[in-house]
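Beneath this line is the structure, given in structure tokens, with notes to follow.
Protein chains in written order, with this note's numbering: chain A, 36 to 851; chain B, 895 to 1084.
Below, the structure written as structure tokens:
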């Protein structure tokens, strides 16, 4: 049956090479046309299932808030007055930009400052009183000559004072967005577009840069604005500025990724070409291989355009990967064809034998690899499902091309150019001599024992591998914008980006605020900022008032004339705050309230509630736990959905982790079924899967030892290593079954297997040149995994075959 | 920043010191007796006769305030020991504490059972001290005799403060009476 099929294919190729080549060329032409229209979608939000409540809520939030995320301009100077003036000027100019919805560097905080006492937690107020009484006792004792060392009180008091400098993310002692050290001012820009819209972000960043550049040329304050370079401190009169926030970070990451991919593709292509030159040393054969490969890739991307319409951040790198992966079929074909032709001298028979033997191995290999990739289509995470579809289809297309276009190209060339036929003959004398000696694979038992011990040891570590929730490990390295974002979080005490919940009515907003105020239930929530936190409950305010009355009564004991300068200002501010009476929402200025309301263009009249997490999105566990607590909030039979970067990242993490557990197992199941159908012998299955199992255990074990973690980017490497492990095993194992000689199989197939693995390794290693954390982690993992598969295939697997051969045990009966 | 913190501390101290004694009318006899006690004490201080001045101080009461929390569990021997310590201490510190004091100007007196509180203005020698200090003097009535037991500055009791800052933390962590006594002795050694 197999022989009949092989003969039929060989006959068709042999009889109609021109027609087949023409059909292929037409298909490639059509694919190239489709591919030219292919775009990359960098919006990571679209990788998550679009029917998730948090995604739907986020999309609604775009409409309600008129955008999403911020652009921050940081100004840094020693001259605070000048810096404030420049911030005012720049803010006014930036506001004029058509894409800017709002720009602020200051806000009237007098209401918050005057009513500060009402925002202080009563427990904190009591604690402050306790500490301050302690302090006065210490001072009194010192005055009376009794000194008791007490530095803790000052420290604890300082912390408490700092805590209430910032009320609902507004510093109450300065209306500017200035840090406590008075070194940095923040201009917060909200725009009429989303950060994931890269064209919008590009224009916004360019417009803002132009405003700064123009201001720098003719600014009335005598300041020189200089972009931050991370170098020495700026001289007097110079204000350094920087840009960060979601618009800048997202744009930088995508631009960096695009730039990173350019050299990697070139390096991958050049590396593969160089290796082929070393392996084949025949330029025309290499040209044929590479042409077929490029045509296959073009057809794959044409297929992508027709089926998916676009690439995403993960599938964008598939070109290089498929090149490294797909060239293998060509290498195996060419290697076997030359082997057959050099021994037989008959083109047709060589073609038939190659299709019969290597073709079958390639068929099993492509079936298992593409099946393991196609399984990913069922994944909810589009990074997986699109990757699975494109890579699976790409593998099939390349395999088909290598067994159709490549042979017809060889046939056409051999018929028109006799010298080419001669180039197919290779001197196999040394290999043939070695075959005659028929020596066994050396040190089989020792290698098996050593590898078994190593594998058991590494299996222990493999089970301890962890997932890295930190999204930054999957993006560009520490760019200036990311470093600046971290600095802002530290300077301004913003731990994490808040998540937002929208409610339609004031009543619902109040219920939500009360629900989220349950600190035991919402233990990962640091703070809830709502319209109701601007006017605390009247009951609480009256309690505060009682304490304030007592305080005020004693305040009279301090003679006002003793206070001078800055102290007098604070004294007056405290007196004013103590005199403030309880208030309601109606008393709160509109300027403070509007941040909780949708933009007028949305036509909605509801309210936003901000939920501040206890840590940053870079904190692994917290992100997921926070999302589990506030992702869906059920109150009185209604569900409210939180939106925001942290919730989306947590959803992404949960889906990736879930898919990452299910799909490798499904892929492994598919591989098992296909191998079982192919060999119809469980023993053969063990042999064929040895490189795969070994590679996975070694890779995961070493990953843990080197403290590498699985992340959003490198998780897609697993199916690739899975496919590679199986492919390496199949080619060697099938050749062994043909001859029942381990060394023969290694001599005739080993080089091709090594070649195919090394070209893949080159493809992945090219990602090291990207300087992109995500891509580099993918490259590292793949290089490790594929190298491990090759090492196992060339050492452990032959040892196992030799050992069973010698002991006459566990020998597979199957014949290919 | 440091100045700001200190000032805020100062202001809040003003706001939050103890609730003090619930005021009640003082009988004319008690008022007369309290003023007599305080006036005589001041007289002997000004004369420099501290041995006579301290006869108007209740050392048992002082020791009880400092050792509050442990007092009821202390043996008579321990109580005597700390009372004697307080007596010796006051003898030693009185000249130092009062050296810059010019005189005390007594004000309103409030009473609560056998305890009383007398408002006073401590007028200092303005060559060394730039402002006078409002204080309160706590008194206790034992065997029909009023004696001073505590001084409040900015409504913070000096001895009650020592108890809160030094003795209470030991009590809170389950420390022994001896540890608490040692801690009190140590304060004055420093």
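Every residue, glycine too, gets a C-beta built ideally from N, C-alpha and C.
What you are looking at is a predicted structure, and each value in this text was computed from that prediction instead of being measured.
**OP:** Using only alpha-carbon positions, find the residue among B:928, B:922, B:963, B:923 that is nearest to residue 1032 of chain B.
**Re:** That would be B:928, whose Cα lies nearest to the Cα of residue 1032 of chain B.
**OP:** Please report the Cβ distance between residue 960 of chain B and residue 1057 of chain B, rounded to the nearest whole angstrom; I am assuming they are in contact, meaning their Cβ atoms lie under 8 Å.
**Re:** Confirmed, about 5 Å.
Original post:
Between which two residues does the alpha helix (DSSP H) containing residue 1048 of chain B stretch?
Top reply: No alpha helix (DSSP H) holds residue 1048 of chain B; DSSP gives it neither H nor E.
Subject >> Chain-ordered chain B contacts of residue 644 of chain A [CB-CB under 8 Å] >> reply: The premise fails here: residue 644 of chain A is roughly 31 Å from chain B at the closest Cβ pair, so nothing lies under 8 Å.
Subject >> Beta-carbon neighbours of residue 1059 of chain B, restricted to chain C and to distances below 8 Å >> reply: Included in the structure are the protein chains A and B, with no chain C among them.
**OP:** Please name the residue in A:147, A:145, A:125, A:146 whose C-alpha comes closest to that of residue 137 of chain A.
**Re:** Residue A:125 is the option with its Cα nearest to residue 137 of chain A.
Original post:
When burial is assigned at 16 or more other CB atoms within 10 Å of the CB, is residue 916 of chain B buried or exposed?
Top reply: Note on residue 916 of chain B: pLDDT 47, under 50, position unreliable in the model; the coordinate value appears next. The C-beta of residue 916 of chain B has fewer than 16 other C-beta atoms within 10 Å across all chains shown, which makes the residue exposed.
Subject >> Residues bridged to residue 612 of chain A [DSSP beta-bridge criterion] >> reply: BP columns for residue 612 of chain A are empty, so no partner.
Subject >> Minimum C-alpha distance to residue 625 of chain A - residue among A:483, A:102, A:426, A:145 >> reply: Ranking the options by Cα distance to residue 625 of chain A, first place goes to A:145.
**OP:** Would you kindly work out how many angstroms separate the C-alpha atoms of residue 957 of chain B and residue 1061 of chain B, rounded to a whole number?
**Re:** If I take the Cα positions, the gap works out to 12 Å.
**OP:** Take the Cβ of residue 264 of chain A as the centre, count every other Cβ of all protein chains shown within 10 Å, and call the residue buried at 16 or more, exposed below.
**Re:** Note on residue 264 of chain A: under 16 other CB atoms within 10 angstroms of its CB, so exposed under the neighbour-count rule.
Original post:
Per the contact definition of three or more C-beta pairs closer than 8 Å, is the segment 784-800 of chain A in contact with the segment 347-365 of chain A?
Top reply: Touching, per the Cβ criterion.
Subject >> Close Cβ partners of residue 902 of chain B (< 7 Å) along its chain, the five nearest in sequence each way excluded >> reply: For residue 902 of chain B, the pLDDT reaches just 43, beneath the cut-off of 50, and the residue's location in the model is therefore unreliable, leaving the point undetermined.
**OP:** Can you give me the start and stop residues for the beta strand (DSSP E) that residue 261 of chain A sits inside?
**Re:** According to the DSSP assignment, residue 261 of chain A belongs to the beta strand (DSSP E) that extends over 259-262.
Subject >> Which of helix, strand or coil DSSP assigns to residue 632 of chain A >> reply: Residue 632 of chain A sits in coil when the DSSP states are folded into three classes, being neither helix nor strand.
**OP:** Could you spell out where the alpha helix (DSSP H) holding residue 987 of chain B opens and where it closes?
**Re:** It spans 970-992 - the alpha helix (DSSP H) in which residue 987 of chain B sits, taken as one unbroken run.
Original post:
Is the number of C-beta pairs between the segment 419-430 of chain A and the segment 381-392 of chain A that are closer than 8 Å three or more?
Top reply: Between the segment 419-430 of chain A and the segment 381-392 of chain A there are fewer than three inter-stretch CB-CB distances shorter than 8 Å, so the stretches are not counted as touching.
Original post:
Under three-state DSSP, which class holds residue 648 of chain A?
Top reply: Assigned with DSSP and collapsed to three states, residue 648 of chain A falls in strand.
Original post:
Tell me, which residues are paired with residue 347 of chain A by DSSP?
Top reply: As a beta-bridge residue in DSSP terms, residue 347 of chain A pairs with A:76.
Subject >> 7 Å CB neighbourhood of residue 411 of chain A in its chain, flanking five on each side removed >> reply: Here the set comprises 419, 420, 422, 423, 698, 754.
**OP:** Kindly indicate which three-state DSSP category residue 937 of chain B falls into: helix, strand or coil?
**Re:** The three-state reading of DSSP puts residue 937 of chain B in helix, counting H, G and I together.
Original post:
Using a C-beta to C-beta distance shorter than 8 Å, which residues of chain B count as neighbours of residue 180 of chain A?
Top reply: The CB of residue 180 of chain A comes closer than 8 Å to the CB of 987, 990, 991 in chain B, given here in chain order.
**OP:** Could you tell me whether the segment 334-344 of chain A touches the segment 66-81 of chain A, where touching means 3 or more Cβ pairs closer than 8 Å?
**Re:** Taking a cut-off of 8 Å on C-beta distances, the segment 334-344 of chain A touches the segment 66-81 of chain A, as three or more cross pairs fall below it.
Original post:
Taking only beta-carbon atoms, is residue 910 of chain B less than 8 Å away from chain A?
Top reply: With a pLDDT of 36 at residue 910 of chain B, under the threshold of 50, the modelled position of this residue cannot be trusted, and the question is left open.
**OP:** From the DSSP output, in three-state form, read off residue 459 of chain A for me.
**Re:** In the structure shown, residue 459 of chain A sits in coil (DSSP, three-state: anything other than H, G, I, E or B).
Subject >> residue 1035 of chain B, DSSP secondary structure in three states >> reply: Looking at residue 1035 of chain B - three-state DSSP - the assignment turns out to be strand.
**OP:** Determine the DSSP secondary structure at residue 778 of chain A, reduced to helix, strand or coil.
**Re:** In this structure, residue 778 of chain A counts as helix in the three-state DSSP scheme.
**OP:** To the nearest angstrom, report how far apart residue 334 of chain A and residue 437 of chain A are at their CA atoms.
**Re:** C-alpha separation (whole angstroms): 13 Å.
Original post:
Apart from the five residues just before and just after residue 91 of chain A, which ones in its own chain have a Cβ nearer than 7 Å to its Cβ?
Top reply: Excluding its 5 nearest sequence neighbours in each direction, residue 91 of chain A has no C-beta neighbour in its own chain below 7 Å.
Subject >> Assigned secondary structure, residue 737 of chain A (DSSP; H/G/I helix, E/B strand, else coil) >> reply: Taken through DSSP and simplified to helix, strand or coil, residue 737 of chain A comes out as helix.
Original post:
For residue 461 of chain A versus residue 377 of chain A, is the C-beta distance shorter than 8 Å?
Top reply: Yes; because the gap between Cβ atoms is below 8 Å, this pair is in contact.
**OP:** Grab me the residues of residue 28 of chain A's own chain with a C-beta within less than 6 Å of its C-beta, minus the 5 sequence neighbours each way, in chain order.
**Re:** The shown model of chain A, from 36 to 851, leaves out residue 28 of chain A, and the question about it has no answer.
Original post:
DSSP on residue 256 of chain A, reduced to helix/strand/coil?
Top reply: Under the three-state reduction of DSSP output, residue 256 of chain A falls in the coil class, being neither helix nor strand.
Subject >> Span of the beta strand (DSSP E), counted from its first residue to its last, around residue 686 of chain A >> reply: Secondary structure note for residue 686 of chain A: it is in no beta strand (DSSP E), and the uninterrupted alpha helix (DSSP H) holding it is 680-714.
**OP:** Run down chain A in chain order and give the residues with a C-beta less than 9 Å from the C-beta of residue 1003 of chain B.
**Re:** Under the 9 Å cutoff, chain A gives no residues; its nearest Cβ is about 19 Å from residue 1003 of chain B.
Original post:
Beta-carbon separation of residue 1029 of chain B and residue 1042 of chain B under 8 Å?
Top reply: Taking 8 Å as the Cβ cut-off, residue 1029 of chain B and residue 1042 of chain B do not qualify as a contacting pair.
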